[in-house]
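Here the structure comes first, spelled out in structure tokens, and everything after it is commentary.
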Amino acid sequence: SDSRAIASNVSEQSYFREIKEGRSWTVSDLTIERVTRRTVFTIASRMEAGDLRHLMIVAVIDPNIMGEQVLTLDRPAEGVFTLFDREGNLVFFGGSVRAEHSNWMDADPVLVESMEENREAVGTIAYPIGGRDHLATRVPIRAFGWTAGASRPVATIMAPVYRTLVWIAILN
């Protein structure tokens, strides 16, 4: 906890409004934290204790520290896992290079399709990091409006097919 944040007014924050409107919990989009100026997202939960019915517990998470500590997922060679907020901002990038928390809507048509149609989407994209063509899938996380993704370079996926075709050509 950052003591400078105690008693901060959060009434303008979307997560506060969602809890006030009756949700039991919510996850915010990425935002710049007022106190520390870090890029963060917030998990908020309604709490009731006796006569106190308007309590909220809030966890502020810096995705730069979250990384592989929290999402320790095995991924295939050159595979990438991603999480995007409701605005299309990259929250988590589980790949071999560092990624900035920027909006990917202009660079990722598969993300746009998934978010606009609120459904799973698959396609090939010129990856914003490294520029290689990736086969990507994007899946809505309906519980809080984010989108999860996974991708892998097309060349890596197709390498076994190409090797097999070369062997067939050599043997014929």
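Each residue of the sequence shown is one higher than the one before, starting from 12 at the first, in the working numbering.
Where a beta carbon is used, it is the ideal one built from N, C-alpha and C, also for glycine.
Would you kindly work out how many angstroms separate the C-alpha atoms of residue i and residue j, rounded to a whole number?
i    : j    : result
F95  : L101 : 5 Å
N75  : R97  : 18 Å
P120 : G141 : 17 Å
F155 : A180 : 51 Å
R57  : S35  : 5 Å
D73  : T175 : 45 Å
V136 : A118 : Position check: residue 136 holds Ile in this sequence, whereas Val was assumed. When rounded, the distance between both Cα atoms is 8 Å.
S25  : M67  : 13 Å
N20  : V46  : 11 Å
A170 : I54  : 41 Å
R49  : W178 : 53 Å
A60  : G134 : 48 Å
F103 : N129 : 20 Å
Look at the Cβ atom of residue i, then the Cβ atom of residue j, and state whether they are nearer than 8 Å.
i    : j    : result
V69  : E44  : no
T37  : V51  : no
L122 : G90  : no
H145 : V165 : yes
Using alpha carbons as the reference points, say which of the options lies closest to residue i.
i    : options                  : result
G105 : F92, M116, T42 and W115  : F92
S113 : Y173, R34, D40 and N20   : D40
E127 : T135, R153 and D144      : R153
R143 : S162, N129, I54 and T158 : S162
W115 : E23, N183 and P139       : P139
G160 : L182, A132 and N183      : A132
Assuming the contact rule is C-beta atoms closer than 8 Å, residue i and residue j should be a hit. Round their C-beta distance to whole Å, please.
i    : j    : result
S125 : T158 : 6 Å
Comparing the C-beta of residue i with each C-beta of chain D, is any distance below 8 Å?
i    : result
F103 : The structure shown contains no chain D; it holds only a single protein chain.
When you compare the stretch 25-43 with the stretch 138-150, are there three or more beta-carbon pairs, one atom per stretch, that lie closer than 8 Å? no
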